[in-house]
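Residue numbers (full-length UniProt numbering): 1 to 550.
C-beta: ideal position from N, C-alpha, C; glycine also.
Below is one structure, written out as structure tokens, with a few remarks after it.
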Amino acid sequence: MMTFEGLDENFKFIVFEVENQARSTQKFMDAPSRKRYAKITSRDDYIDNLKTIIENKCYSRIHSDQSLDKRQLNKIRAIQVICVNLEKIADYFVNIVKQMQYLDDQSFVQRYDYTEVFEIMLSRLGAILDAFHDEDMSKALYICKAEPMLDDVYKVRFDRVMNEMGMGRDAQSLVTVLFIFRYFERVGDALLNIGEAVIFSLLGERIKIEQFEALQQTLSKSGFSDSFSDIDFSAIWGTRSGCRIGKVEQREAELTSEEKKQGSIYKEGNLEKIRKERESIQRWKQLFPDLVADIYGFHEDADKGSMLVEFLNGCTLDEVVLSGDDELIRNALFILENTVLETWTKTMVELPIKTNYMWQIQSRLEGVLQTHPEFWRTPKSLGPSEVRSTEALLSACAEAEDELEAPFSVFIHGDFNINNVVYNHEAQQVHYIDLYRSRDFDYIQDASVFMVSNFRMPIFDSYHRQRINSVIKHFYGFIREFAQRHGDRTVQARLAFALARSFYTSTRFELNFKFAKEMYNRSMFLLEKIDQYRGGAWEQFSLPEDILYY
Numbered sequence: 001m002m003t004f005e006g007l008d009e010n011f012k013f014i015v016f017e018v019e020n021q022a023r024s025t026q027k028f029m030d031a032p033s034r035k036r037y038a039k040i041t042s043r044d045d046y047i048d049n050l051k052t053i054i055e056n057k058c059y060s061r062i063h064s065d066q067s068l069d070k071r072q073l074n075k076i077r078a079i080q081v082i083c084v085n086l087e088k089i090a091d092y093f094v095n096i097v098k099q100m101q102y103l104d105d106q107s108f109v110q111r112y113d114y115t116e117v118f119e120i121m122l123s124r125l126g127a128i129l130d131a132f133h134d135e136d137m138s139k140a141l142y143i144c145k146a147e148p149m150l151d152d153v154y155k156v157r158f159d160r161v162m163n164e165m166g167m168g169r170d171a172q173s174l175v176t177v178l179f180i181f182r183y184f185e186r187v188g189d190a191l192l193n194i195g196e197a198v199i200f201s202l203l204g205e206r207i208k209i210e211q212f213e214a215l216q217q218t219l220s221k222s223g224f225s226d227s228f229s230d231i232d233f234s235a236i237w238g239t240r241s242g243c244r245i246g247k248v249e250q251r252e253a254e255l256t257s258e259e260k261k262q263g264s265i266y267k268e269g270n271l272e273k274i275r276k277e278r279e280s281i282q283r284w285k286q287l288f289p290d291l292v293a294d295i296y297g298f299h300e301d302a303d304k305g306s307m308l309v310e311f312l313n314g315c316t317l318d319e320v321v322l323s324g325d326d327e328l329i330r331n332a333l334f335i336l337e338n339t340v341l342e343t344w345t346k347t348m349v350e351l352p353i354k355t356n357y358m359w360q361i362q363s364r365l366e367g368v369l370q371t372h373p374e375f376w377r378t379p380k381s382l383g384p385s386e387v388r389s390t391e392a393l394l395s396a397c398a399e400a401e402d403e404l405e406a407p408f409s410v411f412i413h414g415d416f417n418i419n420n421v422v423y424n425h426e427a428q429q430v431h432y433i434d435l436y437r438s439r440d441f442d443y444i445q446d447a448s449v450f451m452v453s454n455f456r457m458p459i460f461d462s463y464h465r466q467r468i469n470s471v472i473k474h475f476y477g478f479i480r481e482f483a484q485r486h487g488d489r490t491v492q493a494r495l496a497f498a499l500a501r502s503f504y505t506s507t508r509f510e511l512n513f514k515f516a517k518e519m520y521n522r523s524m525f526l527l528e529k530i531d532q533y534r535g536g537a538w539e540q541f542s543l544p545e546d547i548l549y550y
């Protein structure tokens, strides 16, 4: 058991005090008296002060004690979150006893049987110290379960009160009862936060109870049978898909010397996205078994989905470009281009397919303008010269895009960012990750996304920029060679549409205004060039290559 001198005592006191407030509130509701009312309201100030003392000790300990390891830091952070929520619960009890004065008859609330509510609350408050100090995951989950239970109690009382209000009697008392049970429901929210804080102290990552349950179910379906306190869960930040992604592995202490530490990637989010990614992985797996991860487990719950997939050894391609030596970069690009060539060639369907790059810009405009409202141009004129508005320009280019089609389709990655490719130098292979956008489409979509994902890396020193530009140039040469080999005569025109899309929509992820403006200007330049070329032979369209480099 991990202890913190001074802090542990204060922590125990605030838990005990809030438990006492719960018992005192129940006694007051059973038999209201001035003495009990005064006791509850006066102890609230003590709890507030205790919470402040604990917070100060937590922050002071974190900032002054350099010997704390990550686990100890997580414990202290969890104490702070727990105490904030305990103080909220104490406030709710004060609000409840204050509401009692608005009842015409103070015994009125007893008709609605609140005994079950206090049993739920007191049992969970009594479990906090054991859950925290014993590092007991089952008790942490037990605390979390108070929230749906108190929600259900509130819903039953709410329906009854609303029904009785329709009879036209005791309106003030009925509204007061509703407020009282609403405070009980909010105690459930605070207990959920407390339980999740205990889980955080065990796993070392913030994870919501529904996410933890999804992880639990998914691990069970994958064949994991050990205690869930034996796992490490580390979140992988930076995903823009709206999904929670983390690495799951057994703790080192739980492994024998002969066992190799195994890790998996856990992904949880919108059910439709998770389903689509599973389907895409399965299709990739059928076509190219070694290119994507194995799926170990899958779980659905209401509108959420989760899955556990193989952890792929290696590093993402952006790490190779930024930190690898020249020979490593050349080798990684060679492996990548051979892989891309194989996937495109094998999945090619030689039937023309319409593109929708302008629609993709329009569907993401809200996100772009939320980050950079300046990137919406109004019409302007100078003498006889006119500059189209963004809206008019996009509409004109969408009409121009209708004149074009890709000569064939391939099965594309769909989100072919440089950090969605994992390179394993030892195995001499690449792997694809984050595949929920995979589909049969124009290969130019993947080509433009890959090149712009290199361009938009926020690295500006000349050495690394030269490396990035070299990768873009090499890949652009690969694209042109592939197009020539397969008789794709409109490749440069479609690439202009796709690059305009990628440059414009990428600005929503870039807060450096100067750099975002660079991408926006390049998009506008390409859109203007496309608009001016309308009516021409798209086979003769020439993409200015300088647009690719920064």
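So, is residue 12 buried or exposed, given that buried needs 16 or more other C-beta atoms within 10 angstroms? Position 12 of the sequence shown, counting from 1, holds the residue named residue 12. An exposed status is given to residue 12, since fewer than 16 other beta-carbon atoms sit within 10 Å of its beta-carbon.
In three-state DSSP terms, what is residue 75? What you label residue 75 is simply residue 75 of the sequence shown in a count that begins at 1. For residue 75, the secondary structure class from DSSP, reduced to helix, strand or coil, is helix.
With burial defined as no fewer than 16 other Cβ atoms inside 10 Å of the residue's Cβ, what is the status of residue 63: buried or exposed? Residue numbering aside, residue 63 sits at position 63 when the sequence shown is read from its first letter. With fewer than 16 other Cβ atoms within 10 Å, it is exposed.
Hey, quick one: how far does the alpha helix (DSSP H) through residue 474 stretch, first residue to last? In the sequence shown, counting from the first residue as 1, residue 474 sits at position 474. 462 to 485 is the extent of the alpha helix (DSSP H) around residue 474.
Can you list, in chain order, the stretches of the beta strand (DSSP E) that have 3 or more residues and sit fully within the region 400 to 470? Uninterrupted beta strand (DSSP E) stretches at least 3 residues long and entirely within the region 400 to 470 occur at 410 to 412, 421 to 424, 429 to 432 and 439 to 441, given in chain order.
Opening and closing residue of the beta strand (DSSP E) in which residue 301 lies: Numbered from 1 along the sequence shown, position 301 holds the residue referred to as residue 301. Counting along the chain, the beta strand (DSSP E) containing residue 301 begins and ends at 295 to 301.
Just to check my reading of the structure: residue 195 and residue 141 have Cβ atoms closer than 8 Å, yes? What is that Cβ distance to the nearest angstrom? Walking along the sequence shown from the start, residue 195 turns up at place 195. Walking along the sequence shown from the start, residue 141 turns up at place 141. Indeed, because the Cβ distance is near 7 Å, the residues count as touching under 8 Å.
Alpha helix (DSSP H) segment containing residue 195, residue limits: Within the sequence shown, numbered from 1, the residue matching residue 195 stands at position 195. Segment 171 to 203, the alpha helix (DSSP H) holding residue 195.
Burial state of residue 201 (16 or more Cβ within 10 Å): If you number the sequence shown from 1, residue 201 lands on position 201. It is buried - the Cβ of residue 201 has at least 16 other Cβ atoms within 10 Å.
Between which two residues does the alpha helix (DSSP H) containing residue 24 stretch? For the purposes of this step, residue 24 is taken as the residue at position 24 of the sequence shown. Start and end: 7 to 30.
Closest by C-alpha distance to residue 37, when choosing among 407, 107 and 97: One-based indexing of the sequence shown puts residue 37 at position 37. Of all alpha-carbon atoms in 407, 107 and 97, the one lying nearest the alpha-carbon of residue 37 is that of 97.
Rounded C-alpha distance that separates residue 289 from residue 431: Counting from 1 along the sequence shown, the entry for residue 289 is found at position 289. Counting from 1 along the sequence shown, the entry for residue 431 is found at position 431. Pairing residue 289 with residue 431, the inter-Cα distance amounts to about 10 Å.
CB residue 472 to CB residue 548, shorter than 7 Å? What you label residue 472 is simply residue 472 of the sequence shown in a count that begins at 1. What you label residue 548 is simply residue 548 of the sequence shown in a count that begins at 1. Going by C-beta atoms, residue 472 is nearer than 7 Å to residue 548.
Out of 22, 43 and 52, which one is the CA nearest neighbour of residue 10? The residue you call residue 10 lines up with position 10 of the sequence shown. Minimum Cα distance to residue 10 is reached at 52.
Would you be able to state if there are at least three C-beta pairs under 8 Å between the region 149 to 167 and the region 88 to 106? In short, these stretches do not touch, since the Cβ pair count stays below three.
Run the CB neighbour count on residue 297, radius 10 Å, all protein chains shown included, and call it buried at 16 or more, exposed below. One-based indexing of the sequence shown puts residue 297 at position 297. Burial of residue 297 is indicated by the presence of at least 16 other C-beta atoms within 10 angstroms of its C-beta.
Drop a sphere of 10 angstroms on the beta-carbon of residue 380, count the other beta-carbons inside from all chains shown, and report buried for 16 or more, exposed for fewer. Stepping through the sequence shown from its first residue, residue 380 is reached at position 380. Looking at its Cβ environment, which holds fewer than 16 other Cβ atoms inside 10 Å, residue 380 is exposed.
Where does residue 92 fall in DSSP's three states? The residue you call residue 92 lines up with position 92 of the sequence shown. The answer is helix: DSSP assigns residue 92 an H, G or I state.
Where does residue 517 fall in DSSP's three states? Numbered from 1 along the sequence shown, position 517 holds the residue referred to as residue 517. Residue 517 falls in the helix class under three-state DSSP.
Which of the three DSSP states is assigned to residue 327 in this structure? Reading the sequence shown from its first residue, position 327 is the one you call residue 327. Three-state result, residue 327: helix.
In this structure, what does DSSP give as the bridge partners for residue 269? Looking up residue 269 in the sequence shown gives position 269. According to DSSP, which records beta bridges pairwise, residue 269 is partnered with 305.
Strand pairing of residue 316, partner residues [DSSP]: For this step, residue 316 is matched to residue 316 along the sequence shown. Residue 316 is bridged to 422.
Between the C-alpha atoms of residue 526 and residue 438, what's the straight-line distance to the nearest angstrom? If you number the sequence shown from 1, residue 526 lands on position 526. If you number the sequence shown from 1, residue 438 lands on position 438. If you draw a straight line from the Cα of residue 526 to the Cα of residue 438, it is about 26 Å long.
I'd like to confirm the pairing. Which residues does DSSP put opposite residue 380 in its beta bridges? Position 380 of the sequence shown, counted from the start, is the residue given in the question as residue 380. Listed as beta-bridge partners of residue 380 by DSSP are 387.
Cα-Cα separation, residue 550 to residue 80: On the sequence shown, position 550 is the one that residue 550 refers to. On the sequence shown, position 80 is the one that residue 80 refers to. Taking the straight line from one Cα to the other gives about 46 Å.
Any idea which residues DSSP pairs residue 349 with across the strands? By one-based count along the sequence shown, residue 349 stands at place 349. 409, per the DSSP bridge assignment.
Would a C-beta distance cut-off of 7 Å place residue 571 and residue 434 closer than the cut-off? Here the chain covers residues 1 to 550 and nothing more, so residue 571 does not appear.
Which residues bound the alpha helix (DSSP H) around residue 545? Here residue 545 refers to the residue found at position 545 of the sequence shown. For residue 545, there is no enclosing alpha helix (DSSP H), since its DSSP letter is neither H nor E.
Quick one: grab the DSSP three-state call for residue 372. Position 372 of the sequence shown, counting from 1, holds the residue named residue 372. In the three-state scheme derived from DSSP, where H, G and I count as helix and E and B as strand, residue 372 is classed as coil.
Note down the Cα distance separating residue 253 from residue 71, rounded to an integer number of angstroms. Sequence index remark: in the sequence shown, residue 253 carries index 253 (1-based). Sequence index remark: in the sequence shown, residue 71 carries index 71 (1-based). The predicted position of residue 253 is uncertain, since its pLDDT is 48 and thus under 50; no value can be drawn from it.
Helix or strand or just coil, what does DSSP make of residue 151? Taking the first residue of the sequence shown as position 1, residue 151 is located at position 151. DSSP places residue 151 in helix when its eight states are reduced to three.
For residue 320, the nearest candidate out of 336, 306 and 311 (CA to CA): As a working note, residue 320 is residue 320 in the sequence shown. Minimum Cα distance to residue 320 is reached at 336.
What does the alpha-carbon distance come out to for the pair residue 533 and residue 277? Stepping through the sequence shown from its first residue, residue 533 is reached at position 533. Stepping through the sequence shown from its first residue, residue 277 is reached at position 277. So the two alpha carbons sit approximately 38 Å from each other.
Please look up how many angstroms separate the CB atoms of residue 154 and residue 185, rounded, as I've assumed it's under 8 Å. On the sequence shown, position 154 is the one that residue 154 refers to. On the sequence shown, position 185 is the one that residue 185 refers to. About 4 Å separates the two Cβ atoms, so the contact holds.
Taking the CB atoms as reference points, tell me whether residue 419 and residue 318 lie closer together than 7 Å. For the purposes of this step, residue 419 is identified with residue 419 of the sequence shown, where counting begins at 1. For the purposes of this step, residue 318 is identified with residue 318 of the sequence shown, where counting begins at 1. In this structure, residue 419 places its C-beta atom within 7 Å of the C-beta atom of residue 318.
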